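All remarks here apply to the structure that follows.
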Amino acid sequence: MQARSALFDLYGDHLRPRGGRAPVAALVKLLAPLGIAPPAVRTAVSRMVRQGWLDPLRMASGPGYSITPKAARRLDEAAARIYRTGRVSWDGRFDLLVLEAPGSRRDRQRLAANLSFLGYGTLDEQTWVATRPAEDVDLLLGEAGIRFERFTASHFAGTPGAMGVVRRAWNLTEIGRAYERFVAEQRPQLSAVTVRSTDEDAYAARFRLVHAWRTFLFRDPQLPPALLPERWPGTAAASFFDRHAARLRPAADRYVEQCLDAGNRIVRQKGR
Numbered sequence: 032m033q034a035r036s037a038l039f040d041l042y043g044d045h046l047r048p049r050g051g052r053a054p055v056a057a058l059v060k061l062l063a064p065l066g067i068a069p070p071a072v073r074t075a076v077s078r079m080v081r082q083g084w085l086d087p088l089r090m091a092s093g094p095g096y097s098i099t100p101k102a103a104r105r106l107d108e109a110a111a112r113i114y115r116t117g118r119v120s121w122d123g124r125f126d127l128l129v130l131e132a133p134g135s136r137r138d139r140q141r142l143a144a145n146l147s148f149l150g151y152g153t154l155d156e157q158t159w160v161a162t163r164p165a166e167d168v169d170l171l172l173g174e175a176g177i178r179f180e181r182f183t184a185s186h187f188a189g190t191p192g193a194m195g196v197v198r199r200a201w202n203l204t205e206i207g208r209a210y211e212r213f214v215a216e217q218r219p220q221l222s223a224v225t226v227r228s229t230d231e232d233a234y235a236a237r238f239r240l241v242h243a244w245r246t247f248l249f250r251d252p253q254l255p256p257a258l259l260p261e262r263w264p265g266t267a268a269a270s271f272f273d274r275h276a277a278r279l280r281p282a283a284d285r286y287v288e289q290c291l292d293a294g295n296r297i298v299r300q301k302g303r
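Numbering (my numbering), first residue to last: 32 to 303.
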């Protein structure tokens, strides 16, 4: 688990509902159960500041960092997809992008990752398609300096034709297998966490669960049911995730509050 990715998970899943800010000492303590060392946390924080995801601020307990408006939008969108708070629907139309691909391989890879996160699949290097328009795609392409054309399109052959487009843009067989592996890998780790486990153990197990589930934001565009195969593995995987994420939430929340309160207790003691 990389420190930068873990920080996105930490802010999105735990700190965003608590104001989106935390002292550095709490960030270090909250990532320690994941095996992430303090220098790696501080390096990742500095990188996220340079990239516009975090802003430094002075807190009562010392230096801290808060999410930027840009980060808040990205984290809120990710949370809605992770916990599926919105219903996936489809009006029969695709959002179609035809763009000039960046010249460097690194820039192309970054662009592909960002478009995949927003739910777009590729028909070729210049043509991307999604079953619903992403609000931030114009901003994303504009900031990257990429020239593009954007269309709304529907398939003349209706749903059967649309399913053909979907299978060109995404490897649904591979995504389905990834969901099956997710359940198989997570089940033994989660079964080991019981009511007798510590809050820290529950927090670490839940963090790893959410972290693994979050990778599907870059793999699975969350297609409408009409375009999915029968007995889609993602449905069972989502139920598995929901059940264990909810089961471990109370203990994880207690651990987070404990880490955030530790700095405040130090400040109060110094002020006596």
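Note that the Cβ used here is the ideal one computed from N, Cα and C, for glycine as well. It should be emphasised that the depicted structure is a prediction, and the values quoted were computed from it without experimental measurement.
Exclusion of the five residues before and after L128 leaves W159, F179 and R181 as the residues of its chain whose Cβ lies within less than 6 Å of its Cβ.
The continuous alpha helix (DSSP H) containing F39 extends over residues A34 to L41.
Looking at the backbone, the Cα of S120 and that of P255 are separated by about 6 Å. CA-to-CA, the gap between G123 and V80 works out to about 40 Å. Taking all protein chains in view, the Cβ of Q217 is crowded by 16 or more other Cβ atoms within 10 Å, so the residue is classified as buried. Beta-bridge analysis with DSSP links T158 to V129 and D155. Two segments are said to touch when three or more pairs of C-beta atoms, one from each, lie closer than 8 Å; by this definition the region 262–270 does not touch the region 133–147.
Within the region 177–212, the runs of alpha helix (DSSP H) at least 4 residues long that lie entirely inside it are, in chain order, 189–200. Counting the other Cβ atoms within 10 Å of the Cβ of V287 gives 16 or more, which makes it buried. Looking only at L258, D230 and D107, the smallest Cα-Cα distance to N202 is reached by L258.
Contact between A235 and L221 does not hold, since the beta-carbon distance rounds to 11 Å and is not under 8 Å. In this structure, L106 lies away from S97, with their beta-carbon atoms at least 9 Å apart. Non-local C-beta neighbours of V214 in its own chain, meaning closer than 6 Å and more than five positions away in sequence, comprise A268 and F271, ordered along the chain. In this structure, A233 lies away from A277, with their beta-carbon atoms at least 9 Å apart. By the beta-carbon neighbour count (other beta carbons within 10 angstroms, threshold 16), R274 is exposed. The C-beta distance from G51 to A103 rounds to 6 Å, short enough to fall under 8 Å. Using a 10 angstroms sphere on the CB of G189, the tally of other CB atoms stays under 16, which defines it as exposed. Per DSSP, the beta bridge partners of I98 are L85. Within the DSSP secondary-structure output, M90 pairs in a beta bridge with G93.
Per DSSP, A53 is one residue of the beta strand (DSSP E) stretching across R52 to P54.
The residue among L142, V196, D230 and A68 with its C-alpha nearest the C-alpha of E156 is L142. For E261, no alpha helix (DSSP H) run applies, since DSSP gives it neither H nor E.
In this structure, the alpha-carbon of A34 lies about 12 Å from that of P64. A residue is called buried when at least 16 other Cβ atoms come within 10 angstroms of its Cβ; R227 does not meet this threshold and is exposed.
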